[in-house]
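Chains as they are written, first to last, in the numbering used here: chain A, 1 to 147; chain B, 1001 to 1147; chain C, 2001 to 2410; chain D, 3001 to 3410. Quick reminder that beta carbons are idealized off the backbone N, C-alpha and C, glycines included. I have placed the structure first, in the form of structure tokens, so that the comments after it can refer back to it.
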Amino acid sequence: MPGLEDLYREIILDHYKSPRNRGTLEPPAVRAEGHNPLCGDEIEVFLDVQDGVISDIKISGQGCSISQSSASMMSAAVKGKPVEQVRALIQRFKHMMSIEDETSEPDTSTPLGDLEALQGVVKFPVRIKCAVLAWNTLAEGLELASA
Amino acid sequence: MPGLEDLYREIILDHYKSPRNRGTLEPPAVRAEGHNPLCGDEIEVFLDVQDGVISDIKISGQGCSISQSSASMMSAAVKGKPVEQVRALIQRFKHMMSIEDETSEPDTSTPLGDLEALQGVVKFPVRIKCAVLAWNTLAEGLELASA
Amino acid sequence: MTLNFSSLRADFPVLAEHINGKPLVYLDSANSSQKPNAVIDAMTSFLQHSYAPTNRSAYTLAAHATDLYEGARSKVASFINAPHAHEVVFTKNATEALNLVVRTWGSANLSAGDVIVLTHMEHHANIVPWQMLAAERGCEIRWVPLTSDGLLDLSNIDVLLSGASVFSFTAMSNVLGTINPVKELCALAHKHGAIAVVDGCQSVPHMMTDVQDFDADFLAFSSHKMVGPSGIGILWGRESLLEEIPPFLGGGNMIADVKLDGFTCAELPGKFEAGTQPITEAVGLGAAVDYLSAIGMNNIREHERDLAQYALHALTSRFGRDIVIHGSNDINQRGATFSFAFKDVHPHDVSQVLDQHNVCVRAGHHCAKPLMRLLGANATVRASFYLYNTTSEVDALCDALEDAGDFFTL
Amino acid sequence: MTLNFSSLRADFPVLAEHINGKPLVYLDSANSSQKPNAVIDAMTSFLQHSYAPTNRSAYTLAAHATDLYEGARSKVASFINAPHAHEVVFTKNATEALNLVVRTWGSANLSAGDVIVLTHMEHHANIVPWQMLAAERGCEIRWVPLTSDGLLDLSNIDVLLSGASVFSFTAMSNVLGTINPVKELCALAHKHGAIAVVDGCQSVPHMMTDVQDFDADFLAFSSHKMVGPSGIGILWGRESLLEEIPPFLGGGNMIADVKLDGFTCAELPGKFEAGTQPITEAVGLGAAVDYLSAIGMNNIREHERDLAQYALHALTSRFGRDIVIHGSNDINQRGATFSFAFKDVHPHDVSQVLDQHNVCVRAGHHCAKPLMRLLGANATVRASFYLYNTTSEVDALCDALEDAGDFFTL
Ligand SMILES: Cc1ncc(COP(=O)(O)O)c(C=O)c1O
Ligand SMILES: Cc1ncc(COP(=O)(O)O)c(C=O)c1O
Chain A
1 MPGLEDLYRE
11 IILDHYKSPR
21 NRGTLEPPAV
31 RAEGHNPLCG
41 DEIEVFLDVQ
51 DGVISDIKIS
61 GQGCSISQSS
71 ASMMSAAVKG
81 KPVEQVRALI
91 QRFKHMMSIE
101 DETSEPDTST
111 PLGDLEALQG
121 VVKFPVRIKC
131 AVLAWNTLAE
141 GLELASA
Chain B
1001 MPGLEDLYRE
1011 IILDHYKSPR
1021 NRGTLEPPAV
1031 RAEGHNPLCG
1041 DEIEVFLDVQ
1051 DGVISDIKIS
1061 GQGCSISQSS
1071 ASMMSAAVKG
1081 KPVEQVRALI
1091 QRFKHMMSIE
1101 DETSEPDTST
1111 PLGDLEALQG
1121 VVKFPVRIKC
1131 AVLAWNTLAE
1141 GLELASA
Chain C
2001 MTLNFSSLRA
2011 DFPVLAEHIN
2021 GKPLVYLDSA
2031 NSSQKPNAVI
2041 DAMTSFLQHS
2051 YAPTNRSAYT
2061 LAAHATDLYE
2071 GARSKVASFI
2081 NAPHAHEVVF
2091 TKNATEALNL
2101 VVRTWGSANL
2111 SAGDVIVLTH
2121 MEHHANIVPW
2131 QMLAAERGCE
2141 IRWVPLTSDG
2151 LLDLSNIDVL
2161 LSGASVFSFT
2171 AMSNVLGTIN
2181 PVKELCALAH
2191 KHGAIAVVDG
2201 CQSVPHMMTD
2211 VQDFDADFLA
2221 FSSHKMVGPS
2231 GIGILWGRES
2241 LLEEIPPFLG
2251 GGNMIADVKL
2261 DGFTCAELPG
2271 KFEAGTQPIT
2281 EAVGLGAAVD
2291 YLSAIGMNNI
2301 REHERDLAQY
2311 ALHALTSRFG
2321 RDIVIHGSND
2331 INQRGATFSF
2341 AFKDVHPHDV
2351 SQVLDQHNVC
2361 VRAGHHCAKP
2371 LMRLLGANAT
2381 VRASFYLYNT
2391 TSEVDALCDA
2401 LEDAGDFFTL
Chain D
3001 MTLNFSSLRA
3011 DFPVLAEHIN
3021 GKPLVYLDSA
3031 NSSQKPNAVI
3041 DAMTSFLQHS
3051 YAPTNRSAYT
3061 LAAHATDLYE
3071 GARSKVASFI
3081 NAPHAHEVVF
3091 TKNATEALNL
3101 VVRTWGSANL
3111 SAGDVIVLTH
3121 MEHHANIVPW
3131 QMLAAERGCE
3141 IRWVPLTSDG
3151 LLDLSNIDVL
3161 LSGASVFSFT
3171 AMSNVLGTIN
3181 PVKELCALAH
3191 KHGAIAVVDG
3201 CQSVPHMMTD
3211 VQDFDADFLA
3221 FSSHKMVGPS
3231 GIGILWGRES
3241 LLEEIPPFLG
3251 GGNMIADVKL
3261 DGFTCAELPG
3271 KFEAGTQPIT
3281 EAVGLGAAVD
3291 YLSAIGMNNI
3301 REHERDLAQY
3311 ALHALTSRFG
3321 RDIVIHGSND
3331 INQRGATFSF
3341 AFKDVHPHDV
3351 SQVLDQHNVC
3361 VRAGHHCAKP
3371 LMRLLGANAT
3381 VRASFYLYNT
3391 TSEVDALCDA
3401 LEDAGDFFTL
């Protein structure tokens, strides 16, 4: 049985206690909403996409340490990044969470950085949904922004 | 385990092979229909009730030896009998089939006669419904006749 | 009370499981209960020696299986003091039982503008089916509010029930543990000409149930929460209502006849039992009813009252203002199900730490989102106790909570 | 075929039962099958060591139970070659699965004048739900007739299907044993713009099933007929259809969110699985699928073809014109299920004498009254064979029939 320290790395707890990019953005920024029906976690992602780049991102909602810190780390990782690169990162993150999407190995050119700390979540399968929630919501936001 | 001879008494097979009072009656005789959804047995009872007496009765339908012989024996037993006495007989027969109707002991003044042969059916619980089908249909016919 | 409840634990093999070297502390019985050997053995033995289809074939093996199946129905009927065994309908779970009421009684009786009364403490199973029908038909749903200590607020009930067709409510909240005054609520419903539908999922496993004393019209509950198997639920209905409402699912067993141009229905209870039934599960349920009856429902209630008292005291004395237990702290108004907030640690994180101690609780919305919104929470931690739980498991819960507090408040 | 089928008998404990000193000859598997130790043990062991609610709580025990439950879904999906596991919905039986299709796809798609095509050999489970909806909506039901040897008569099928919205048919008759050309029938349905609903109750247990090769839209079948437990059935549906149709039962697990004024649905397959599911039963079903897969469905079909051949020969050579076996005598068009009339002895009486020999057959209408009317019978005797049956049990059937003949023709 994996221990709590595998799940709750220090950097995760840090993002949980001091979440980055909290807040909302006004339209024309897009807003995407995600929730985990199982545990009631809710997340809102606000995206400002300018010339193919995520120029600003804000996160609202509430949930457990894993979903909130994953959202916070995600926001830090994608802010200022080109959409193409962010899509690759989403894919790479889900791959790390062992979520298969039938495509081949993900593009590893985008470094995971701090996100690597979430790797331990894989040992706690019920928490994978928590970690991925923000990322699915981000993907939905990108769809909205490009629509 | 009770043997076949407990169920298929000679007199039962006799009534099965030579059913009494087969046929139909024209209105104003009443007609009641019963069936056993489990095994598909069907019975029609035609009743002519005059001055509180079953002046004529006919039986149609098809089914297993138990349902058919019970119907045949019933028809012989009730033909020409006053309705009151027949009602008592119905109750007595169902009691013999161990079907409780929450009332006290049945009136035993009406003799069962040949019907006694059906007593062995009780040892074969799944066949009780076969034996009782005609009697329930008769009871329904009496309702119709008195309505 | 003379029964030694801690010796009952030995009847439940799962409770002897160790995970990671730690004994199991199973505090999720409001979700689903564990099963005693009496139930497991009844099912195993049935499968090994007696399995056969019921109510169809006539050979000895099938007749015997049918007797066991119908015997389970009779046991359930006496367990809830139903006037007739044929008023007991087996379903797949309580959710299906409630949907059955909505889709049969509801479809036949509710039209635009008709009023359905629910309460703010209902489980989704007693909300969503009504919402589906209400949306189709244009019915109005009214909600009985709660007091600040999690009881039904009946101060305005006559206004809420006036003109209502149905009042459907839980006998005990699966989140707050609140025990509702079922008999009084049924009388209120009837006073206003509404039928009373009782969700007994949380009450039937934990206390005496008497549908005649309640004067209820329908009662739904689940086998798996009362030490019985999964895969079977129960709907009891008043004979006259069951007779008059249309059938639910169509198929074998529920028909008297089928022709190309239509069908006629079987008698009760067949009318509502389409297709091959949960046969082994009914046998297991019968054994569960026997097991609970032998202990006595009043003894079980007594035991859980003691546990609830102990738990309330232990949690509040150890954690003071760090714990917020939702619902009433009057032991006569509640069962041994506790939903709470702990410090500012998210329930999911609390349950994760508790799991390291092999303390099994549920974190989430407990299928009662409208109530969660009222509590202002997205989720709570819920510890729910049953006949096999002990005061030392309350202590284990407290110890594990202490650890969770330490871990998240560095 | 290298498998020794008679050694499989030892896997099924019930088959070793003696009643009245006579060994059990179980010939009622088309009704419900017996269960191997692999299935019984999987359930017992789950109840003793691993029982927990699924898809709700997050502790280790519950996560493990959820893995087993979802693992069963994946096993079923590969067993029928479904593209996605989330296309497999667990129900309580095949009857509920068919009702689900009617009440979700049907409710959303059928209105007055729309055409539903069924066949004359359907089980009530694939008739009554359609009749209920047709009566409500004013739909037309058309019936594919049969040839004199009990096959579907497709000579007029294009006329019958023209303008139809749905063609719902059994893959194998539970009365006649007829195996229908499922792939061809699905293609015919699609050619006319109808969806194809396949009742696989009698085929899935006895031969290879490939929903992608069939190109079916829905497939319903039951665990209890395929050596799995009672209390669980299966609906497979094409992902795109499952996505677009409304939910069936309302309650916990099938929702994404519930507010006072309405709810939103969960993703597949949760959308169609309201309430606590048949958890132990899913575990047992998973074991059943493993058991059948290890033997190989083609081997099972081969074994049953041999048995059917032997039975056809034995019955006709011993009883000549005293027996009328309904359906085809082409062994490639039928499974090992035989309905017959014997002399002029009523089926109920035949089965009574057979029961004295501990030969278990079903006598009745087999939940197929429209077909019975076509056969001009109120009832038939049905002997149905499965993987555990042997040729010596065919002989036992013949001996018992001989006795029935003697008894009733004094
Ligand atoms: C062809 C067919 N369809 C449907 C059913 C109904 O299955 P179940 O009773 O498991 O719901 C059966 C069996 O009873 C069947 O043989
Ligand atoms: C109060 C209440 N009602 C209904 C249900 C639904 O029961 P089931 O999931 O067995 O259908 C539950 C349990 O989940 C419950 O606690």
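Report task. Report the partner residues of residue 2143/C according to the DSSP bridge assignment. Result -> Position 143 of the third sequence, counted from the start, is the residue given in the question as residue 2143/C. According to DSSP, which records beta bridges pairwise, residue 2143/C is partnered with 2118/C.
Query - Distance CB(residue 2073/C)-CB(residue 2088/C) smaller than 8 Å - result: Looking up residue 2073/C in the third sequence gives position 73. Looking up residue 2088/C in the third sequence gives position 88. Going by C-beta atoms, residue 2073/C is nearer than 8 Å to residue 2088/C.
Query raised in the report: Taking the beta strand (DSSP E) that residue 2235/C falls in, what are its first and last residues?
Result: Here the question's residue 2235/C lines up with position 235 in the third sequence. Counting along the chain, the unbroken beta strand (DSSP E) around residue 2235/C starts and ends at 2233-2237.
Report task. Quick one: list the residues of chain B neighbouring residue 2458/C, beta-carbon separation under 9 Å, in chain order. Result -> Outside the shown range of chain C, which is 2001 to 2410, sits residue 2458/C, and nothing can be said about it.
Query raised in the report: Does DSSP put residue 3258/D in a helix, in a strand, or in coil?
Result: Position 258 of the fourth sequence, counted from the first residue, corresponds to residue 3258/D. Reduced to three states, the DSSP call for residue 3258/D is strand.
Report task. Compare the C-beta of residue 3001/D against all C-beta atoms of chain A and say whether one is closer than 8 Å. Result -> Counting from one through the fourth sequence, the residue named residue 3001/D turns up at place 1. Annotation note: pLDDT 45 at residue 3001/D (below 50); position unreliable, no value reported.
Query - Test item: CB-CB of residue 3377/D and residue 3122/D under 8 Å - result: Taking the fourth sequence and counting its residues from 1, one reaches residue 3377/D at position 377. Taking the fourth sequence and counting its residues from 1, one reaches residue 3122/D at position 122. The answer is no: Cβ separation not under 8 Å.
Query raised in the report: Bridge partners of residue 148/A, per DSSP?
Result: Outside the displayed span of chain A (1 to 147) sits residue 148/A, for which this structure offers no information.
Requested in this report: Would you please verify whether the beta carbon of residue 85/A is less than 8 Å from any beta carbon of chain C?
Outcome: The residue labelled residue 85/A in the question sits at position 85 within the first sequence. No, no contact with chain C.
Query - Beta carbon of residue 2039/C nearer than 8 Å to that of residue 2227/C - result: Within the third sequence, numbered from 1, the residue matching residue 2039/C stands at position 39. Within the third sequence, numbered from 1, the residue matching residue 2227/C stands at position 227. A contact, by the Cβ cut-off of 8 Å.
Query raised in the report: Is the CB of residue 126/A under 8 Å away from at least one CB in chain D?
Result: Translated into positions along the first sequence, residue 126/A becomes position 126. For residue 126/A, the answer is yes, since a Cβ of chain D falls inside 8 Å of its Cβ.
Query raised in the report: Ordered along the chain, which non-local residues of its own chain (more than five positions away) have a Cβ less than 7 Å from that of residue 1141/B?
Result: The count along the second sequence starts at 1 and reaches residue 1141/B at position 141. Correct list, in chain order: 1030, 1032, 1045, 1047.
Report task. Could you work out which residue in 3316/D, 3262/D, 3177/D is closest to residue 3333/D when comparing CA atoms only? Result -> Here residue 3333/D refers to the residue found at position 333 of the fourth sequence. Checked all of 3316/D, 3262/D, 3177/D; the closest Cα to residue 3333/D is 3177/D.
Query raised in the report: Taking only beta-carbon atoms, is residue 3352/D less than 8 Å away from chain B?
Result: Your numbering for residue 3352/D matches position 352 in the fourth sequence. Chain B contact via Cβ: present.
**Report entry** Neighbourhood of residue 2061/C by C-beta, 6 Å cutoff - its chain only, sequence neighbours within 5 removed
**Finding:** In the third sequence, the residue the question calls residue 2061/C occupies position 61. Around residue 2061/C: 2052.
Query raised in the report: Mind pulling the chain A residues with CB within less than 8 Å of residue 2172/C?
Result: Translated into positions along the third sequence, residue 2172/C becomes position 172. What residue 2172/C touches in chain A: nothing, since even the nearest Cβ is about 22 Å away.
Query raised in the report: For residue 9/A, which residues of its own chain have a beta-carbon under 6 Å away from its beta-carbon, when the five flanking residues on both sides are left out?
Result: Counting from one through the first sequence, the residue named residue 9/A turns up at place 9. Within the same chain, residue 9/A has close Cβ partners 117.
Query raised in the report: Secondary structure at residue 2001/C, three-state DSSP: helix, strand or coil?
Result: In the third sequence, residue 2001/C corresponds to position 1, counting from 1. Because the pLDDT of residue 2001/C is 45, which lies under 50, any placement of that residue in the model is unreliable, and the number read from its coordinates should be weighed accordingly. Here residue 2001/C sits in coil by DSSP.
Query raised in the report: Can you find a CB in chain D that lies within less than 8 Å of the CB of residue 1041/B?
Result: Position 41 of the second sequence holds residue 1041/B. Interface residue, yes.
Report task. Please go through the same chain and pick out, in chain order, the residues whose beta-carbon is closer than 6 Å to the beta-carbon of residue 2001/C, but skip the five residues on each side of it. Result -> If you number the third sequence from 1, residue 2001/C lands on position 1. Note that residue 2001/C scores a pLDDT of 45, beneath 50, so its modelled location is shaky; the value from the coordinates is reported in the next line. Once the five neighbours on either side are set aside, the close Cβ partners of residue 2001/C are 2299, 2302.
Query raised in the report: Thinking just about the alpha-carbon of each residue, which of 3398/D, 3092/D, 3291/D is nearest to the one in residue 3220/D?
Result: Taking the fourth sequence and counting its residues from 1, one reaches residue 3220/D at position 220. Comparing Cα positions, the closest option is 3092/D.
Report task. Leaving aside the five residues before and after residue 3015/D along the sequence, list all residues of the same chain whose C-beta is less than 7 Å from its C-beta, in chain order. Result -> Numbered from 1 along the fourth sequence, position 15 holds the residue referred to as residue 3015/D. Answer for residue 3015/D: 3009, 3024, 3026, 3034, 3388, listed in chain order.
Report task. Quick one: which residues of the segment 3037-3061 of chain D get their C-beta closer than 8 Å to a C-beta of chain A? List them in chain order. Result -> 3055, 3056, 3058, 3060
Report task. Scan the segment 3257-3268 of chain D for residues whose Cβ lies nearer than 8 Å to a Cβ of chain A and list them as they occur along the chain. Result -> 3257, 3266
Query raised in the report: Roughly how many angstroms separate the alpha carbons of residue 2142/C and residue 2119/C, rounded to a whole number?
Result: Counting from 1 along the third sequence, the entry for residue 2142/C is found at position 142. Counting from 1 along the third sequence, the entry for residue 2119/C is found at position 119. Cα to Cα, the separation comes out at about 8 Å.
**Report entry** Euclidean distance between Cα positions of residue 2153/C and residue 2165/C
**Finding:** Translated into positions along the third sequence, residue 2153/C becomes position 153. Translated into positions along the third sequence, residue 2165/C becomes position 165. For residue 2153/C and residue 2165/C, the distance between alpha carbons rounds to 20 Å.
Query raised in the report: At a Cβ threshold of 8 Å, is residue 3364/D touching chain B?
Result: Reading the fourth sequence from its first residue, position 364 is the one you call residue 3364/D. By this cut-off, residue 3364/D is an interface position.
Requested in this report: If I'm right that residue 3235/D touches residue 3100/D with Cβ under 8 Å, what's the distance once you round it to whole angstroms?
Outcome: Locating residue 3235/D in the fourth sequence gives position 235, counting from the first residue. Locating residue 3100/D in the fourth sequence gives position 100, counting from the first residue. The pair is a contact, with the Cβ atoms about 6 Å apart (cut-off 8 Å).
Query raised in the report: For the alpha helix (DSSP H) that residue 2068/C lies in, which residues bound it at each end?
Result: Counting from one through the third sequence, the residue named residue 2068/C turns up at place 68. Counting along the chain, residue 2068/C sits inside the alpha helix (DSSP H) bounded by residues 2060-2079.
Requested in this report: In the DSSP assignment, find the alpha helix (DSSP H) that holds residue 3286/D and state where it starts and stops.
Outcome: Taking the first residue of the fourth sequence as 1, we reach residue 3286/D at position 286. Counting along the chain, the alpha helix (DSSP H) containing residue 3286/D begins and ends at 3279-3295.
Requested in this report: Reducing DSSP to helix, strand and coil, say where residue 1095/B ends up.
Outcome: As a working note, residue 1095/B is residue 95 in the second sequence. DSSP places residue 1095/B in helix when its eight states are reduced to three.
Query - 8 Å Cβ cutoff, residue 3297/D in contact with chain B - result: By 1-based counting over the fourth sequence, the position of residue 3297/D is 297. Chain B contact via Cβ: absent.
Query raised in the report: From residue 90/A to residue 3163/D, what does the alpha carbon distance come to, in whole angstroms?
Result: Here residue 90/A refers to the residue found at position 90 when the first sequence is read from its first residue. Here residue 3163/D refers to the residue found at position 163 when the fourth sequence is read from its first residue. Taking the straight line from one Cα to the other gives about 47 Å.
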